[in-house]
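Residue numbers (our numbering), protein chains in the order written: chain L, 2 to 518; chain F, 2 to 204.
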């Protein structure tokens, strides 16, 4: 049956019934079948994000073609005396003389090869796949600490766990064929010494795990845009030198962000390191600046985002301190605290000012709003007791508050909340609580009273009424309560007409009332 | 008999490559998107000419269409294991040549169900095979065959070159005898040689 003579619609239909592995084998048959599949099946490759070559122990190489809904793995392993079963044929466009063959008996899709020709074989596979899938996807190399990976062309990202006793030259050789990579990660037994013009230091994004070694040279010679160093020690003089060179426009022109986490190996004294640096601060003491950016990583499944593949993770710093570069006036936030040194340009990253109003930090806060929305105050309140009078709330904000408290994602300090929206808003308790796991007291005849005292710090009518105290009583009664995830903390909740009340059982006075007595 | 089809009772005459005609029901023909696009609304005067395909192939294709008239709407190909006994017999009783002709005719007539089943059947022949086995299924020349073919072509080219050179010599002599002007002679010889060489190579 002459496949190549069928009309292309028929050929495409036939290919459509084949999964990746038979298609790949079919593409080995001839240049024409390879080109045909590449052209007709291009629409199927469109979701492919990356191909990764994982080099593990005993010269095994796992190759994975991945997209959000694509997972086509295969692997190659070296020929041994116990594995003599080979099918001699041309694979991956390599001549029969090339020592790689389809493994006929092993389950899955695998090949065996002569490990003495590893570089030739792996490069041959990579060349074939690169031609087959094109340059629009990412090609990644990953290795375990058992061996260094061979140097391959057209690689975008590399993550190497350096084996024991590896020299700088051996490590450098892994990058000879692809010296300009988007992301490089170095881990394992690495003592920090790199070749003078190392390709590693030219990676756009570089992450280094150092396990207590000094990273001074890496920091001072880094040529890329984003650098993260974990468990790495730095001499104070190196940090100072970096900051001074950046500030005086003598170096680090490409650098957009730097994160140093020295773990337990080194603590930094911010006052000492920044004393001669002409550090600026945001105008208002309550202001801080969040600077955030995306740091590259090898692709990973983000289960929080529906298992979509992500190739970067969010990094950031929060600080009031910043530097202004001489001559061009570029600003960069700087944070030096305990074991961490962070630095990030404003204009190359995302910046957001956080006004940490002191009001949000008041232990007890009472707000009279006369119909205005109190959403933001509720969501940003950090302390223990909050009361609103005549404030208006969106239903979604009440739900968000309850959900965040319940899931232990916020409001950890809050002991009580009272909202009285007066004539401005009425709330539907059933609607607001419908998606929240609300419990009810076991016995239908019982209701729980929760009482607390709210501070008063200024003369008012209330002071006359409760003149002997600097606080006045507040409370709620309800049969409904929530249990917080994680710690099992309980809080009663009551949503009725114009009022929303919430109070912890712990930290307040609780009293059960029998409605029949 | 030809008329706009609105009922399954209507019969159409189909003409094959041999010039033979035979009846096909409207219901069966309507499974062909090509027919629907070309004749359904306007009708046809005389037999519908599907003359790229022989009678046996067309009859086989429409046998399938007649059989599947009452089947539920097509929603993608069934797995071969789910095919009915009739379907299996239908495919099994065809030899390879007929099978290929049926695929081509079905593709031309755009009969989705039949084309898909045929393609799935071919895909099934390819699954689980290694390269050499696949090469046999899809009838690709092997590397040795390609090499041998290349050698033959090289020999042919060399022979053609020799013949062309000899012809050029002869032509030169002939034209000289006729005392043509030199420029014209050269051009005529060149043209003749080119034509000869090209026709030889094309063979």
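Each residue gets a CB set at the ideal place from its N, CA and C atoms; glycine is no exception.
Which residue comes first and which comes last in the beta strand (DSSP E) that contains residue 74 of chain L? Taken as a continuous stretch (DSSP letters only), the beta strand (DSSP E) holding residue 74 of chain L covers 71-79.
Mind checking who residue 185 of chain L pairs with in its DSSP beta bridge? Per DSSP, L:159 and L:207.
Name the two residues that bound the continuous alpha helix (DSSP H) containing residue 138 of chain F. Where residue 138 of chain F is concerned, the enclosing alpha helix (DSSP H) stretches over 132-138.
Using a Cβ cut-off of 7 Å, which residues of the region 8-19 of chain L contact any Cβ in chain F, in chain order? Identification of residues in the region 8-19 of chain L having a C-beta nearer than 7 Å to some C-beta of chain F yields 8, 10, 11, 14, 15, 18 and 19, given in sequence order.
Tell me which same chain residues have a C-beta within less than 6 Å of the C-beta of residue 459 of chain L, skipping the five on either side of it? Confidence at residue 459 of chain L is low in this model, with a pLDDT of 47, below 50, so the placement of that residue is unreliable and no value is reported for it.
Do you know offhand how far residue 21 of chain F's Cα is from residue 28 of chain L's? About 42 Å.
So residue 323 of chain L is in the beta strand (DSSP E); what residue range does that whole segment cover? Element bounds for residue 323 of chain L: 322-325.
Please report the Cβ distance between residue 18 of chain L and residue 113 of chain F, rounded to the nearest whole angstrom; I am assuming they are in contact, meaning their Cβ atoms lie under 8 Å. Taking C-beta atoms under 8 Å as the contact rule, residue 18 of chain L and residue 113 of chain F fail to qualify, at a distance of about 14 Å.
How many whole angstroms separate the CB atoms of residue 378 of chain L and residue 433 of chain L, which I take to be in contact at a CB cut-off of 8 Å? Contact doesn't hold; Cβ gap of about 19 Å is too wide.
Taking CB distances under 9 Å as the criterion, tell me whether residue 91 of chain F reaches chain L. Answer no: the Cβ-Cβ gap between residue 91 of chain F and chain L never drops below 9 Å.
Where the beta strand (DSSP E) containing residue 117 of chain L begins and where it ends: From DSSP, residue 117 of chain L is part of no beta strand (DSSP E); its letter is neither H nor E.
Thinking C-alpha only, which one of L:180, L:41, L:415 and L:111 is nearest residue 198 of chain L? Comparing C-alpha distances from residue 198 of chain L to each of L:180, L:41, L:415 and L:111 shows the shortest one belongs to L:180.
Residue ranges of each alpha helix (DSSP H) run of no fewer than 4 residues wholly in the region 266-340 of chain L, ordered along the chain? Considered as a whole, the region 266-340 of chain L harbours 271-275 as its complete alpha helix (DSSP H) runs of no fewer than 4 residues, in chain order.
Interface residues of chain L facing residue 120 of chain F [CB-CB closer than 7 Å]: Per Cβ cutoff of 7 Å: 11, 14, 15 and 18.
Beta-carbon gap between residue 26 of chain L and residue 130 of chain F smaller than 9 Å: Less than 9 Å divides the Cβ of residue 26 of chain L from the Cβ of residue 130 of chain F.
Nearest-angstrom Cβ-Cβ length linking residue 192 of chain L and residue 162 of chain L, presumed shorter than 8 Å: Not quite, the Cβ-Cβ distance comes to about 14 Å (not below 8 Å), so this is no contact.
Proximal residues to residue 144 of chain L (C-beta, below 7 Å), its chain only, five neighbours per side dropped: Once the five neighbours on either side are set aside, the close Cβ partners of residue 144 of chain L are 56, 150, 161 and 162.
To the nearest angstrom, report how far apart residue 259 of chain L and residue 238 of chain L are at their CA atoms. In this structure, the CA atom of residue 259 of chain L is about 17 Å from the CA atom of residue 238 of chain L.
Pull up the distance between the alpha-carbon of residue 463 of chain L and that of residue 508 of chain L, whole angstroms please. The predicted position of residue 463 of chain L is uncertain, since its pLDDT is 42 and thus under 50; a value taken from the coordinates is nonetheless stated next. Computed Cα separation, rounded: 23 Å.
Give a single yes or no on whether residue 121 of chain F has its beta carbon closer than 8 Å to a heavy atom of the ligand NAD. Annotation note on the ligand NAD: not contained in the displayed structure, which lists no ligands.
Express the C-alpha separation of residue 300 of chain L and residue 69 of chain L in angstroms, rounding to a whole number. Distance between the alpha carbons of residue 69 of chain L and residue 300 of chain L is about 11 Å.
For residue 13 of chain F, which three-state DSSP category applies? Reduced to three states, the DSSP call for residue 13 of chain F is strand.
C-alpha gap between residue 452 of chain L and residue 418 of chain L, whole angstroms: Taking the straight line from one Cα to the other gives about 12 Å.
CA-CA distance, residue 310 of chain L and residue 172 of chain L? So the alpha carbons of these two residues sit roughly 28 Å apart.
Identify every residue that forms a DSSP beta bridge with residue 453 of chain L. Residue 453 of chain L is bridged to L:475.
Which same chain residues, not among the five before or five after residue 371 of chain L, have their C-beta less than 6 Å away from its C-beta? For residue 371 of chain L, where only same-chain residues beyond five positions count, the Cβ hits under 6 Å are 391.
For residue 105 of chain F, the three-state DSSP class (helix, strand or coil): Here residue 105 of chain F sits in helix by DSSP.
For residue 152 of chain F, does the three-state DSSP call read helix, strand or coil? Helix, per DSSP.
Counting only C-beta atoms, is residue 97 of chain F closer than 9 Å to chain L at any point? Chain L contact via Cβ: present.
What does the alpha-carbon distance come out to for the pair residue 92 of chain F and residue 100 of chain F? Their Cα atoms are separated by approximately 8 Å.
Is there contact here, the region 114-126 of chain L with the region 27-41 of chain L, by at least three beta-carbon pairs under 8 Å? Touching, no.
Would you list the one or two residues that DSSP bridges to residue 234 of chain L? DSSP, once it has assigned bridges, lists L:215 as partnering residue 234 of chain L.
Taking residue 479 of chain L as the reference, give the member of L:498, L:502 and L:153 with the closest Cα. Closest option to residue 479 of chain L, Cα to Cα, is L:502.
Give me the DSSP bridge partner(s) of residue 56 of chain F. DSSP lists no partner for residue 56 of chain F.
List, in order along the chain, the chain F residues whose C-beta lies closer than 8 Å to that of residue 30 of chain L? Going along chain F in sequence order, the residues near residue 30 of chain L (Cβ under 8 Å) are 132, 135, 136, 139 and 141.
Terminal residues of the continuous beta strand (DSSP E) containing residue 504 of chain L? Where residue 504 of chain L is concerned, the enclosing beta strand (DSSP E) stretches over 500-505.
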